[in-house]
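The listed protein sequences derive, respectively, from chains A and B.
For what it's worth, this note's numbering labels the leading residue of the first sequence as -5, then goes sequentially.
For what it's worth, this note's numbering labels the leading residue of the second sequence as 868, then goes sequentially.
Glycine included, every Cβ here is placed at the ideal spot set by N, Cα and C.
All figures in this text were calculated on a predicted structure; none of them were measured in a lab.
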Amino acid sequence: MDRSFQVVIMYILTHLSLIFFLYPRNIIASTDEGHWIPIIIGLLFHFVTITTYLKGLSYFPKKDLINIYLGIGKGVAIFFLIPTTLYFLMIIILTIRAYSEIISIVFLSKTPLWAIMAFLLFMSTYLASKGVEAIFRTGVLIAFLFLPLIILIFCSSVQNVDWHYLFPIVDKEFTFFTNSSFYVSFFAVGGGFLFLGFIPPFLSYQRKKILIGALFLIPCFVLSVYIPILTFGQATASTLLFPFVVALDTVEMDWLIFDRVTMFFLMSLITFIMLYISLVLWKTIRIANVCFPSFKPTFLTITLSASIFILCLLIPNWNDIERVFLWNTYLRFYVMVAIPISVFYFGKRLRKE
Amino acid sequence: MKSLLREMKDTFGKNDDFFILKEHFVNAPVVFLGFKSLIDLPKTLISIQKNMDSIFQSDKTFDQLMHWIGEVKVNDTKEALSAIVEGKLVILLQDDKDQKYVIVEPISQVLNRSIESPTNENVLQGPLSSFIEDINTNIGIIRKQTNSERLQIRSYSVGTDRKKTLSVLYFENNANIDLLQKIVKHIESNLEKEINNVQDLSKMMGFSPWLAVNKFNMTELPQEASKFLVMGRIIMFVDRIPFALVLPGLFWDMFAIENDRNFPVPLMLVFRSLRIIGYLMTLILPGLYVALVAVNPEVLRIELALSVAQSRDGVPYPALVEMILMLVILELIMEASVRLPKSIGPTLTMVGGIIIGQAVVEAKLVSNLLIIVLAATTIANSTLVGFQNTLSTRLFKYIIAILASIYGILGIMGGLVLTCTYLAGLTTFGVPYLYFNMKKEEI
């Protein structure tokens, strides 16, 4: 059955959750002017990666990434899947740790950090243990509940923009290429597409619709950076830890019983993050299940979650989070470049035979 | 081998409502056996007499006569015993050679209520007949409502000590064949289990009894049942349970009722959106109160925050305890009003209203904002279709309220995700609980 709708929704949700928190800061930190150039470069990279990946996957109908690599050879599988697994683990740890810190800073300052992390991890583990179809159905339900809210708040966030902050428009020196923040920002473009390779045995989807869904994300990428810049200006925005969140804080809605809408926007994004983490967890468990077929999946899930929780507790503060982010960026580029190209290459080779 | 008569006397002889009547049919001695409480004996005897007289005119043999008035069986003791318990009249032919007997369908005592309006569901501007306990009447009502030759019915007799008739109804080309086969397989492999209530039926179908949501959709209305049949679902009737049990029950059934289609489309959309809003309000409101009062008061506008804090002035315990206390009292009132006889019920409602409405607020045990929140929640809860669905929602709102007291608004969102996850993980024979199909091949 064609489940493109569910897959596209999940795609959009996972990317939305990644875009609005840390991406603006990284782009704003990477250059002083002409921010649209790094954004466009990131987006181009994203589209090229996805197109290659989807095309490569279309050569192997109904097979997921693990089976594709195992079909070619065990060595190939190890070469590609081990870094991927490591990447997934680091993503989960980083995401949970970073977002728990964000939650703790923005609204739940009196709750201990480990409680927030345990909550996020529990939700994601429970969802991951139900299987991929349940994850996607939950995704559709959550989209139905929270996406209108997010779009509404997003549209209202242009309330305080001053268009003069748009200039200067072009950065003649392209200074961002030497700035590490630029490369870290690729987590928003590269973090969420690998799941498309893990779901073909369970859900079928059409490539075209995923690309159309990706188009919908373009204004989100652009506006998430430009709204803080237009509201505060480059100089102020570069000092903020979460520029978009602070820009949202300035929005005033007289008719609402709530003072500021930041809370609801962030909370909705946190639910999307729970979805994202559960998806990545499910992928990791799939790979682990192939490597250790003797263990039951429930046992693997629980052990994995427990170890992730302990590892999350070991990261003490935000600076360390940023450092681990940087390390993960190397892995991310490897995974983002190697896997789509390899899938495409193997597919083409299979076609020729 | 005991004679049939001796067997009957041994099994039923001690029952005072068991009658053994010796008669003569065309000069042949016969024995009438049956339960007085199930058979209207005078009327039955008169009708048999009339039958015999009219047939006696046309020259037939004794054997043909017997075949005419009922089913003739030979030597089958078990069949005879179960026929008597079911309420049929057994005529034993006193024959020396073999144990012949006739099972006659008698004029039964009227032991069923008439077809009335539904007690658990209310219908506005729609048909008002509802199912009753007798399974044959129910199947007759469905046949009348659907009026189609594609309606197929299969009946099974289940149970060993207490026997019940179980019927499976489906529409020939619409029903999912896979689903039907799985259901039939479960029934046929569990024929010796007793079915007295829906939990037993769930166990027979292989569902876990620990689910918070009922996988059967239970309806009292024939128009609903008929619509489900056309959509491709499978309906089960159990004798003495006055509901149609629809498999698979889906999430959307909580919001969409067939009677909506008796109104124009905009009105139908309004009703359905109201129910969805009611569902969300039931889940979120109690948790929102607890979160905004106890954990995240800075979210509210300053005037509202101050008035909320003022309303809680003097309340001695935290918001969660206040909320759970009042919710429990409300649940107690609802359960009590179901138990009480109709004459005392209104008194309790009045007492409950006064206690909750006035006294508890004036005694500063709870804040009056909480009463408003609870009243809104209870009203919103009742907009859902299906009594069991309202009960499931009542369960989920507690979980969300507890999470909200620990994590604030994050807890509410997390609780909603938890509820969505739980619902997304339920499947009935491969059909997910959250199945939405707008296409022609519905379910």
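- Chain order gives the chain A residues near THR1288 of chain B as MET117, TYR120, LEU121, LYS124, ALA128, THR132, where near means a beta carbon separation below 8 Å.
- DSSP places MET1190 of chain B in the helix class (H, G or I) of the three-state scheme.
- Cβ proximity to chain B below 9 Å picks out PHE101, LEU102, LYS104, THR105, ALA109, ILE110, PHE113, LEU114 from the stretch 100 to 114 of chain A.
- Cβ contact annotation for SER1259 of chain B (same chain, cutoff 6 Å, sequence separation greater than five): ALA1079, VAL1080, in chain order.
- Of all residues in the stretch 1268 to 1294 of chain B, only TYR1274, GLY1275, ILE1276, LEU1277, MET1280, GLY1281, LEU1283, VAL1284, LEU1285, CYS1287, THR1288, ALA1291, GLY1292 come within less than 7 Å of chain A when Cβ atoms are compared, listed by chain position.
- For the stretch 239 to 256 of chain A, the set of positions with a beta-carbon nearer than 7 Å to some beta-carbon of chain B reads ILE251, PHE252, ASP253 in chain order.
- Close partners of THR265 of chain A in chain B (Cβ separation under 8 Å): MET1280, GLY1281, LEU1283, VAL1284.
- Boundaries for THR172 of chain A: no beta strand (DSSP E) harbours it, and the DSSP string shows neither H nor E there.
- Neighbourhood of MET4 of chain A in chain B, by CB distance below 8 Å: empty, with the nearest CB roughly 12 Å away.
- When Cβ-Cβ separations below 8 Å define contact, SER151 of chain A makes no contact with chain B.
- Of all residues in the stretch 1165 to 1180 of chain B, those with a C-beta nearer than 9 Å to a C-beta of chain A are GLU1165, VAL1166, LEU1167, ARG1168, ILE1169, LEU1171, ALA1172, reading in chain order.
- Here DSSP, grouped into helix, strand and coil, assigns GLY901 of chain B to strand.
- Restricted to the stretch 174 to 219 of chain A, the alpha helix (DSSP H) segments that are unbroken, complete and at least 4 residues in length are 174 to 178, 180 to 184, listed in chain order.
- In this structure, DSSP gives LEU1150 of chain B a helical state, which the three-state scheme calls helix.
- Contacts between LEU139 of chain A and chain B, judged by CB atoms closer than 7 Å, involve LEU1283 in chain order.
- Assignment of ILE1101 of chain B by DSSP, reduced to helix, strand and coil, places it in the strand class.
- The residue among A:ILE72, A:PRO194, A:ILE34, A:LEU325 with its C-alpha nearest the C-alpha of CYS285 of chain A is A:ILE72.
- Here GLY1297 of chain B is exposed, its C-beta having fewer than 16 other C-beta atoms within 10 Å.
- When DSSP states are grouped into helix, strand and coil, GLN992 of chain B belongs to the coil group.
- With respect to the C-alpha of LEU160 of chain A, the residue from A:LEU250, A:LEU217, A:ALA122 having the closest C-alpha is A:LEU217.
- Any Cβ of chain A closer than 8 Å to the Cβ of PRO1133 of chain B would place that residue at the interface, and such an atom is absent.
- Chain A places a beta carbon closer than 8 Å to that of ASN1163 of chain B, counting this residue as a contact.
- The stretch 290 to 303 of chain A and the stretch 145 to 162 of chain A do not touch, with fewer than 3 CB-CB distances between them shorter than 8 Å.
- DSSP places TYR339 of chain A in the uninterrupted alpha helix (DSSP H) bounded by 312 to 346.
- Within chain B, no residue has its CB atom less than 8 Å from the CB of ILE90 of chain A, the nearest being about 13 Å off.
- The C-alpha of ASP943 of chain B lies about 58 Å from the C-alpha of THR1216 of chain B.
- Within 10 angstroms of the beta-carbon of PHE189 of chain A lie 16 or more other beta-carbons, which makes it buried.
- When 9 Å is used as the limit between beta carbons, PRO1299 of chain B is near these residues of chain A: GLU127, ALA128, ARG131, in chain order.
- In this structure, A:LEU88 is the residue among A:LEU75, A:LEU88, A:TYR17 with its C-alpha nearest to the C-alpha of LEU305 of chain A.
- As a beta-bridge residue in DSSP terms, ASN1084 of chain B pairs with B:VAL1113.
- Between SER1093 of chain B and GLN1012 of chain B, the C-beta spacing is below 8 Å.
- ILE163 of chain A and LEU48 of chain A have their C-alpha atoms roughly 34 Å apart.
- Against chain B, the beta carbon of LEU294 of chain A has no neighbour under 8 Å; the closest one sits roughly 18 Å away.
- For LEU135 of chain A, the chain B residues whose Cβ falls inside 8 Å of its Cβ are CYS1287, LEU1290, ALA1291, LEU1301, in order along the chain.
- DSSP, read as helix, strand or coil, puts TYR1184 of chain B in coil.
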